[in-house]
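Student: Below are the structure tokens for one structure; questions will follow.
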Amino acid sequence: MEFLFGKTLSQLCDIVLGVGLPKFTAKQLADWLYKKDVSSFEQMTNLSKKARQMLSENFEVGLTPPMRCVESRDGTKKYLYKYGSSNFIETAYIPDHDRATLCVSCQTGCKMGCKFCLTGKQGFSGNLTTNQILNQIKSLPEFSKLTNLVFMGMGEPMDNLDNVLKALEIITSDYGFAMSPRRVTVSTVGILPALDVFLQQSQTHLALSIHNPFETERRQLMPVQGAQPLLEVLKVIKKYDFSHQRRFSAEYTMINGYNDSIAHAKELVRILNGIPARVNLIRYHANSENGFEPSPMEKIVEFQNILKLKGITATLRASRGEDISAACGLLSTKELQNK
């Protein structure tokens, strides 16, 4: 049966009118689905008995609990979800003082094939539906504690743009989770024209995975560079205003010997010229699958200082949950290997 959780308000309107219910039922449904803790239509007590019966005969609410949770010593939790017989996705809950961030996935596997990412090594299995994207948020035991969402989990959001945009509408709308767009960040490797569409239709923050500013070297790490040149992506980003509340971040994973030299830092400064960017430096999570190693801390600090001297805000993202494979793709890869 079709799930109602994950439907936008306009979709809910079409559904209730299609089964002969009054249009206002859609707003009542949205309130139950997104603002309250219900798992069945019977719990939706302001709907008539006839409406509840009609809905239960044709639809399901559609919330699915995670199959497993592992918790780090630092409080980070990694939730594993299973969709179908062999598809696994993961969601990371990261508490930090008065802030609680959820790292959300949008695909099972990924087509982008970034050499340092284990999700890419899994290959691509499919797009998550809007229901499956939002289920990671609503089914979370810590749902009420969330302050921030980042679409930085498994998959490429611009490769599943329709479902991601619907999810963002529900997340940020008054009828949905009513979360400010300034509390949501969507990360991408840079896919055109989808990125342009996203920037027009969403007001959430944008994070661009750069990881190497030199074209040839970036293509070796990130095959998408061949079809989507970084400089062309940055030209599109420059069309939009990131000087006020909306933020643009450049994600840069520090990999020893691959992208951490002084020359890399200076070139990164050059290509970001004219864009009010924040650079997030990320120390690579080492694993046994690909042979990459994290940059030494002294090289990261040197890299960071070069950016700062040129007036670029550069932060070193703290590594969280390393003891539970919290980096993207590690937990689901282990699950697939176990099978």
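If you want this note's numbering, it's the position in the sequence shown, counting the first as 1, plus 7. Even for Gly, the Cβ is constructed at its ideal location relative to N, Cα and C. Since this is a predicted model, take the numbers as computed values, not measurements.
Rounded to whole angstroms, what's the CA-CA distance from residue 201 to residue 288? Just pull it up for me.
Tutor: Cα to Cα, the separation comes out at about 25 angstroms.
Student: Would you please state the rounded distance, in angstroms, between the beta carbons of residue 12 and residue 141? I believe it to be under 8 angstroms.
Tutor: Confirmed, about 7 angstroms.
Student: Strictly by DSSP, which residues pair up with residue 259?
Tutor: Beta-bridge pairing links residue 259 to 288.
Student: Run the CB neighbour count on residue 7, radius 10 Å, all protein chains shown included, and call it buried at 16 or more, exposed below.
Tutor: Limits of the chain in this structure are 8 at one end and 346 at the other, which puts residue 7 out of reach.
Student: Have a look at residue 104 and residue 84 and give me their C-alpha separation to the nearest angstrom.
Tutor: Roughly 15 angstroms separates the two Cα atoms.
Student: Excluding sequence positions up to five away, which residues of its chain have a Cβ less than 7 angstroms from the Cβ of residue 112?
Tutor: Once the five neighbours on either side are set aside, the close Cβ partners of residue 112 are 96, 97, 98, 135, 143, 160, 161 and 162.
Student: Thinking just about the alpha-carbon of each residue, which of 259, 152, 211 and 22 is nearest to the one in residue 107?
Tutor: For the residues 259, 152, 211 and 22, the minimum Cα distance to residue 107 belongs to 152.
Student: What are the boundary residues of the beta strand (DSSP E) that residue 75 is part of?
Tutor: Looking at the DSSP string, the run of the beta strand (DSSP E) that includes residue 75 is 75-78.
Student: Identify whether residue 28 lies in helix, strand or coil by the three-state DSSP scheme.
Tutor: It is coil, neither helix nor strand.
Student: Whose C-alpha, out of 293, 298 and 323, is nearest the C-alpha of residue 306?
Tutor: The option with the nearest alpha carbon to residue 306 is 323.
Student: Just mark residue 44 as buried or exposed, buried being the case when its beta carbon has 16 or more other beta carbons within 10 Å.
Tutor: Result: exposed.
Student: Contact defined as beta carbons within less than 8 angstroms: I believe residue 149 pairs with residue 100. What is the distance between those atoms, to the nearest angstrom?
Tutor: Between residue 100 and residue 149 the Cβ distance is about 6 angstroms, and since that is below 8 angstroms, they are a contact.
Student: Determine the DSSP secondary structure at residue 34, reduced to helix, strand or coil.
Tutor: In the structure shown, residue 34 sits in a helix (DSSP, three-state: H, G or I).
Student: Mind the definition here: the segment 224-237 touches the segment 180-188 only if three or more C-beta pairs lie below 8 angstroms; say whether that holds.
Tutor: No contact exists between the segment 224-237 and the segment 180-188.
Student: Over the uninterrupted alpha helix (DSSP H) stretch that includes residue 144, give me the two end residues.
Tutor: 137-145 is the extent of the alpha helix (DSSP H) around residue 144.
Student: Within 8 angstroms, do at least three Cβ pairs link the segment 265-278 to the segment 301-315?
Tutor: As far as the Cβ criterion goes, the segment 301-315 touches the segment 265-278, which means the pair count is three or higher.
Student: Assuming the contact rule is C-beta atoms closer than 8 angstroms, residue 285 and residue 261 should be a hit. Round their C-beta distance to whole Å, please.
Tutor: That belief does not hold up - the Cβ atoms of residue 285 and residue 261 are roughly 16 angstroms apart, past 8 angstroms.
Student: Considering only C-alpha positions, which residue in the set 130, 215 and 309 is nearest to residue 279?
Tutor: If we check each option's Cα against that of residue 279, 215 comes out closest.
Student: Per the DSSP calculation, residue 110 is bridged to which residue(s)?
Tutor: Bridge partners of residue 110: 99 and 157.
Student: Using only alpha-carbon positions, find the residue among 48, 222 and 80 that is nearest to residue 66.
Tutor: That would be 48, whose Cα lies nearest to the Cα of residue 66.
Student: Let me know if residue 206 comes out buried or exposed under the rule of 16 or more other beta-carbons within 10 Å of its beta-carbon.
Tutor: With 16 or more other Cβ atoms within 10 Å, it is buried.
Student: Taking the alpha carbon of residue 189 as the point to measure from, which residue in 273, 175 and 147 has its own alpha carbon closest?
Tutor: Of the listed residues, the one whose Cα sits closest to residue 189 is 175.
Student: Below 8 angstroms on the Cβ atoms is my guess for residue 118 versus residue 131; work out the distance and round it to an integer in Å.
Tutor: So it is a contact: roughly 4 angstroms between Cβ atoms.
Student: Would the beta-carbon of residue 54 fall within 9 angstroms of that of residue 36?
Tutor: Yes.
Student: How big is the Cα-Cα spacing for residue 197 and residue 275?
Tutor: The alpha-carbon atoms of residue 197 and residue 275 are separated by roughly 16 angstroms.
Student: Measuring only the C-alpha atoms, how far is residue 251 from residue 62?
Tutor: Each residue's Cα considered, the two are about 44 angstroms apart.
Student: Kindly indicate the opening and closing residues of the alpha helix (DSSP H) around residue 310.
Tutor: Per DSSP, residue 310 belongs to the alpha helix (DSSP H) from 304-316.
Student: Can you tell me where the alpha helix (DSSP H) with residue 193 in it begins and where it stops?
Tutor: Unbroken run through residue 193 is the beta strand (DSSP E), 191-195; no alpha helix (DSSP H).
Student: On the DSSP bridge list, what partners appear for residue 116?
Tutor: Answer by DSSP bridge pairing, in chain order: 131.
Student: Under 7 angstroms Cβ to Cβ from residue 272, same chain only, skipping five residues before and after it: list those, please.
Tutor: Closer than 7 angstroms at the Cβ level, and outside the excluded window around residue 272, lie 310, 313 and 314.
Student: Does residue 19 pass the burial test, meaning 16 or more other C-beta atoms within 10 Å, or should it be called exposed?
Tutor: That one is buried.
Student: Could you tell me the alpha carbon to alpha carbon distance between residue 115 and residue 125, rounded to whole angstroms?
Tutor: Approximately 12 angstroms, taken between the alpha carbons.
Student: Alpha carbon to alpha carbon, how far is residue 342 from residue 209?
Tutor: Confidence in residue 342 is poor, its pLDDT being 47 and thus under 50, which makes the residue's placement too unreliable to answer from.
Student: Rounded to whole angstroms, what is the Cα-Cα separation between residue 5 and residue 220?
Tutor: The chain is shown only over 8 to 346; residue 5 falls outside these bounds and no answer can be derived.
Student: Please classify residue 316: is it buried, with 16 or more other beta-carbons within 10 angstroms of its beta-carbon, or exposed?
Tutor: With fewer than 16 Cβ atoms within 10 Å of its Cβ, residue 316 is classed as exposed.
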